[in-house]
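Here's the structure we're looking at; comments come further down.
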Amino acid sequence: MITCYVRYVIDPKKIKEFENYAKMWIPLVAKFGGQHNGYFLPSEGANNIAMALFSFDSLAAYEEYRTLSLNDPECIRAFEYADEVDCIVSYERSFFRPVFE
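Under the working numbering, the first residue of the sequence shown is numbered 248, with each subsequent residue one higher.
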């Protein structure tokens, strides 16, 4: 299993727009076989940092999701929405191997 951690720098004046964007992606990750662990919005501390965590069975499964998402109409709508509302300043991805009991 591989977990993708995405750290977003967002426009703090557009948190609601980013939340709408996040809600679009949660079911899309599941649609392509992943498990979404949620988006996390600013609360205390920095007002412009958000994050997301989601997992796939393997890095290959994640890469397949990324490839398929580029041609999926729902994913394209989510990409376009983020561009229209301009709520994301930048983002970075890191991958982790979870450890369970």
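Glycine included, each C-beta is placed from N, C-alpha and C at the ideal position.
Thinking C-beta only, is residue 285 closer than 8 Å to residue 355? The chain is shown from 248 up to 348; residue 355 falls before or after that span and cannot be answered.
How about residue 334 and residue 257: are their beta carbons less than 8 Å apart? yes
Cβ atoms of residue 280 and residue 252: under 8 Å apart, would you say? no
How is the beta strand (DSSP E) around residue 340 delimited, first residue to last? 335 to 343
Any alpha helix (DSSP H) of 4 or more consecutive residues that is wholly inside the region 264 to 318: 306 to 316
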